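I have placed the structure first, in the form of structure tokens, so that the comments after it can refer back to it.
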Amino acid sequence: MRATVMYGAGDVRVKTVPDARLIEPTDALVTVTRACICGSDLWPYNQMEHTETGQRMGHEFIGIVDAVGSDVRTVKVGDLVVAPFAWSDGTCVFCQEGLHTSCLHGGWWARDGIDGGQGEAVRVPQADGTLVILPVGKDDALMPSLLTLSDVMGTGHHAALAARVGPGKTVAVVGDGAVGLCGVIAAKRLGAEQIIILGRHPDRIALAKEFGATDVVSERGDDAVERVRELTNGFGAHSVLECVGHGQATVTALSIARPGGAVGRVGLPQQESIPTKLTSFFDNVTIGGGPAPARAYIEELLPEVLEGRIEPGRVFDRVTNLDGVPDGYRAMNEREAIKVLIEF
Ligand SMILES: [Zn+2]
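Note that the sequence shown covers residues 0 to 343 in numbering that gives the first Met the number 0.
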């Protein structure tokens with residue numbers, strides 16, 4: 000089969016790899032019908048050291064079940080399924096608490112011998128716990144929005160929950176990538192009164208406004224902090240969604256939280272320490288977040304997509320096929336595209 004392999008920064012290739020196949024009795028074999036490129040894939044795209052063996056890529060996909068192991072009970076051959084960006088058994092203590100990313104028997108796609116989503120097929124471990132059946136046809140018009148349940152919509156929702164978004168709250172979203180835009184959707188859905196998007200790309204800002212952003216801050220650094228304070232009676236935001244991960248974004252996020260507020264971090268941190276720790280300490284700012292247990296949120300968000308109340312699939316502004324994946328990475332990295340959908 001063919002799949003995406005990254006060999007180093009800027010070096011993404013579509014290669015022939017060993018066919019995915021059932022190994023454990025709890026596995027399912029899924030033929031991928033839709034996948035996508037993630038903003039987090041751009042970190043290795045910019046920083047990865049060259050390797051001869053390469054790294055398989057992709058953690059967001061929808062596909063059709065082709066075969067199941069002897070212990071699989073809930074999914075069957077022919078089902079259309081969505082996979083969250085981490086696989087999990089659905090039964091351990093952490094899965095029962097809704098924290099599937101800490102599953103005792105789970106793991107991540109595209110590492111440790113597990114297939115990646117940016118390829119023709121995937122062996123899905125813990126299929127019963129991991130996969131969610133989609134009650135639509137494989138080419139349904141909702142496919143882009145359904146695919147966001149793998150990661151970005153669940154991650155935006157997680158940021159909003161960690162930042163304690165609720166009715167009447169003032170929310171600031173740091174980052175106008177796909178996760179930030181989904182964070183706007185989540186904040187609106189959870190009842191936020193004011194939603195400030197921090198970003199500067201006109202196409203993304205326009206989409207953020209359609210999703211419910213009420214204010215735009217395009218300044219950076221101290222100027223951004225000052226502008227958010229102006230927009231919030233000088234106090235800062237109750238809830239800050241940090242959807243980038245690098246140091247400046249973290250500093251900004253912590254600096255615009257109102258005393259007693261909360262910051263939900265879902266951008267993969269690119270530094271070891273949390274900056275401005277004294278300010279956030281004296282302001283009693285809660286710092287939460289981490290990798291979203293996307294699996295936990297699918298039951299809640301799937302009806303929202305199916306019934307048309309949210310349209311997170313609008314973050315996809317480019318569609319390609321498997322051969323176009325290397326150029327898709329380039330386009331996202333150069334900010335030509337917000338998020339690239341891969342059709343098989
Ligand atoms: Zn588990």
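In this text, a Cβ means the ideal position worked out from N, Cα and C, and glycines have one as well.
This one's a predicted model, so the numbers in the text were calculated from it and none came from an experiment.
Closer than 7 Å by C-beta to residue i: which residues in its own chain qualify, once you throw out the five before and the five after it? Chain order, please.
{"i": "residue 258", "result": "282, 283"}
{"i": "residue 182", "result": "155, 158, 159, 172, 240, 242"}
{"i": "residue 24", "result": "68, 69, 70"}
{"i": "residue 8", "result": "44, 45, 46, 47"}
{"i": "residue 6", "result": "12, 49, 50, 53"}
{"i": "residue 31", "result": "60, 62, 116, 118, 119, 120, 121, 343"}
Rounding to the nearest angstrom, what Cα-Cα distance links residue i and residue j in this structure?
{"i": "residue 199", "j": "residue 207", "result": "11 Å"}
{"i": "residue 274", "j": "residue 136", "result": "47 Å"}
{"i": "residue 36", "j": "residue 266", "result": "15 Å"}
{"i": "residue 318", "j": "residue 280", "result": "44 Å"}
{"i": "residue 130", "j": "residue 82", "result": "5 Å"}
{"i": "residue 61", "j": "residue 87", "result": "16 Å"}
{"i": "residue 291", "j": "residue 329", "result": "26 Å"}
{"i": "residue 180", "j": "residue 18", "result": "36 Å"}
{"i": "residue 250", "j": "residue 209", "result": "27 Å"}
{"i": "residue 175", "j": "residue 120", "result": "31 Å"}
{"i": "residue 147", "j": "residue 311", "result": "7 Å"}
{"i": "residue 316", "j": "residue 339", "result": "7 Å"}
{"i": "residue 42", "j": "residue 3", "result": "16 Å"}
{"i": "residue 141", "j": "residue 300", "result": "13 Å"}
{"i": "residue 345", "j": "residue 192", "result": "Nothing can be reported for residue 345, as the shown portion of the chain is limited to 0 through 343."}
{"i": "residue 222", "j": "residue 234", "result": "15 Å"}
{"i": "residue 185", "j": "residue 211", "result": "10 Å"}
{"i": "residue 261", "j": "residue 227", "result": "15 Å"}
{"i": "residue 287", "j": "residue 106", "result": "22 Å"}
{"i": "residue 126", "j": "residue 144", "result": "22 Å"}
Looking at the unbroken beta strand (DSSP E) that takes in residue i, where does it start and where does it end?
{"i": "residue 82", "result": "79-82"}
{"i": "residue 90", "result": "Note, residue 90: premise wrong, no beta strand (DSSP E); not H, not E."}
{"i": "residue 17", "result": "From DSSP, residue 17 is part of no beta strand (DSSP E); its letter is neither H nor E."}
{"i": "residue 251", "result": "From DSSP, residue 251 is part of no beta strand (DSSP E) but of the alpha helix (DSSP H) over 246-254."}
{"i": "residue 34", "result": "27-35"}
{"i": "residue 227", "result": "No beta strand (DSSP E) holds residue 227; the alpha helix (DSSP H) holding it covers 220-230."}
{"i": "residue 317", "result": "317-319"}
{"i": "residue 193", "result": "193-197"}
{"i": "residue 347", "result": "This structure cannot settle anything about residue 347, because the visible part of the chain is limited to 0 through 343."}
{"i": "residue 369", "result": "In the structure as shown, the chain begins at 0 and stops at 343. Residue 369 is therefore absent and cannot be evaluated."}
Between which two residues does the alpha helix (DSSP H) harbouring residue i extend?
{"i": "residue 299", "result": "293-305"}
{"i": "residue 164", "result": "Neither: residue 164 is in no alpha helix (DSSP H) and is coded neither H nor E."}
{"i": "residue 329", "result": "324-332"}
{"i": "residue 117", "result": "First-last for residue 117: undefined, no H or E at that position."}
{"i": "residue 205", "result": "201-210"}
{"i": "residue 287", "result": "First-last for residue 287: 285-288, but that is the beta strand (DSSP E), not the alpha helix (DSSP H)."}
{"i": "residue 144", "result": "142-146"}
{"i": "residue 7", "result": "Looking at the DSSP string, residue 7 is not in any alpha helix (DSSP H); the run it does join, the beta strand (DSSP E), is 1-7."}
{"i": "residue 340", "result": "Element bounds for residue 340: not the alpha helix (DSSP H) but the beta strand (DSSP E), 339-342."}
{"i": "residue 41", "result": "41-46"}
{"i": "residue 236", "result": "Counting along the chain, residue 236 falls outside any alpha helix (DSSP H), though it belongs to the beta strand (DSSP E) covering 236-241."}
In chain order, what residues of the same chain lie with their CB nearer than 8 Å to the CB of residue i, ignoring the 5 residues before and after it?
{"i": "residue 76", "result": "64, 65, 66, 67"}
{"i": "residue 320", "result": "341, 342, 343"}
{"i": "residue 246", "result": "269, 270, 274"}
{"i": "residue 115", "result": "2, 3, 55, 56, 57, 58, 108, 109, 121"}
With a cut-off of 9 Å, does the C-beta of residue i fall near any C-beta of chain C?
{"i": "residue 170", "result": "Here chain C cannot be found, since the structure has a single protein chain."}
Taking all protein chains shown into account, do 16 or more other C-beta atoms lie within 10 angstroms of the C-beta of residue i, making it buried, or fewer, making it exposed?
{"i": "residue 14", "result": "exposed"}
{"i": "residue 216", "result": "buried"}
{"i": "residue 237", "result": "buried"}
{"i": "residue 22", "result": "exposed"}
{"i": "residue 28", "result": "buried"}
{"i": "residue 134", "result": "exposed"}
{"i": "residue 162", "result": "buried"}
{"i": "residue 153", "result": "buried"}
{"i": "residue 95", "result": "exposed"}
{"i": "residue 220", "result": "exposed"}
{"i": "residue 20", "result": "exposed"}
{"i": "residue 201", "result": "exposed"}
Identify, in the order they occur along the chain, each residue of the same chain with its Cβ nearer than 6 Å to the Cβ of residue i, setting aside the five sequence neighbours on each side.
{"i": "residue 98", "result": "292"}
{"i": "residue 103", "result": "91"}
{"i": "residue 295", "result": "97, 99"}
{"i": "residue 151", "result": "177, 178, 181"}
So residue i and residue j are in contact, right, with Cβ under 8 Å, and what is the actual spacing, rounded?
{"i": "residue 118", "j": "residue 33", "result": "Residue 118 to residue 33, Cβ: 12 Å. No contact."}
{"i": "residue 170", "j": "residue 164", "result": "6 Å"}
{"i": "residue 309", "j": "residue 188", "result": "6 Å"}
Discussion item. Strictly closer than 7 Å from CB to any heavy atom of ligand 2: give me those residues in the order they appear in the chain.
Written reply: You won't find ligand 2 in this model; what it holds is ligand 1.
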